[in-house]
Amino acid sequence: MSELPAITELVPHAGPMCLLDRVLAAEGERLSAEVVVPAQGLFCQDGGVGAWVGIEYMAQAVAAWAGWQARAAGQPPRIGLLLGTRRYRCGVPRFAAGQRLQVDIERAYQADNGLGQFDCRIQADGIELASATLTVFGPEDPSAFLNGEEP
Numbered sequence: 006m007s008e009l010p011a012i013t014e015l016v017p018h019a020g021p022m023c024l025l026d027r028v029l030a031a032e033g034e035r036l037s038a039e040v041v042v043p044a045q046g047l048f049c050q051d052g053g054v055g056a057w058v059g060i061e062y063m064a065q066a067v068a069a070w071a072g073w074q075a076r077a078a079g080q081p082p083r084i085g086l087l088l089g090t091r092r093y094r095c096g097v098p099r100f101a102a103g104q105r106l107q108v109d110i111e112r113a114y115q116a117d118n119g120l121g122q123f124d125c126r127i128q129a130d131g132i133e134l135a136s137a138t139l140t141v142f143g144p145e146d147p148s149a150f151l152n153g154e155e156p
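Residue numbering for the sequence shown follows this note's numbering, beginning at 6 and increasing consecutively.
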């Protein structure tokens, strides 16, 4: 596997909205990313971030996978939409500041219209802390779609 690009080259998120730190591995239908939970910044409160932020960590890992796929096709990362989350389970009320999390995603389904489903999990020190199935939509032309120009 060749060297993986910086996370900012794979996701359309910028500045403080880019919550992941780096991609650890990407191959086929899977991607693993890392985040070190910050002590300050967006979503930080009382020494960590609420467990609900795990859904966004997962969604950004899906975005990184899509960006990695786009990059392989010579295209820039595109905006995608998180449509829903099923069975989000988290064994902790918050992720602690300084905690190193591994976010693993695997594409389970992809329709021709851009609708996809990903099985996701977050672990720390080899222990699963959270899991979910995310449903996402990646329109062919995000700008046109957001302007109501694409069916």
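Yeah, the Cβ is synthetic: ideal placement off N, Cα and C, and Gly gets one too.
Going by beta carbons, Ala-38 and Ile-84 fall outside the 9 Å limit. The C-beta distance from Leu-24 to Gln-65 rounds to 6 Å, short enough to fall under 8 Å. Around the C-beta of Gln-107, 16 or more other C-beta atoms lie within 10 Å, and the residue is accordingly described as buried. If only uninterrupted beta strand (DSSP E) runs of at least 3 residues are considered, those enclosed by the stretch 117-146 are 120-129, 132-142. If you look at Ala-102, you'll find it isn't in any beta strand (DSSP E); DSSP assigns it neither H nor E. The alpha carbon of Leu-86 has as its nearest neighbour, out of Gly-46, Ile-60, Val-28, the alpha carbon of Ile-60. Partner residues in the beta bridge of Gly-53, as assigned by DSSP, are Gln-50, Ala-101. Sequence-distant Cβ neighbours of Asp-124 in its own chain, meaning closer than 6 Å and more than five residues away, are Glu-111, Ala-113, Thr-138. The C-beta distance from Val-28 to Leu-9 rounds to 5 Å, short enough to fall under 8 Å. Among the bridge pairs identified by DSSP, Tyr-93 is matched with none. In the displayed model, Ile-84 falls within coil according to three-state DSSP, outside both helix and strand.
Closest by C-alpha distance to Cys-95, out of His-18, Pro-17, Ile-132, is Ile-132. Here Ala-116 is actually not in contact with Gly-52; their C-beta atoms are around 41 Å apart, not less than 8 Å. Annotation: the continuous beta strand (DSSP E) that includes Val-40 extends over 35-41. Judged by DSSP in its simplified three-state form, Gln-45 adopts coil rather than helix or strand. Taking the Cβ atoms as the reference, Gly-119 lies roughly 7 Å from Glu-145, within the contact range of under 8 Å.
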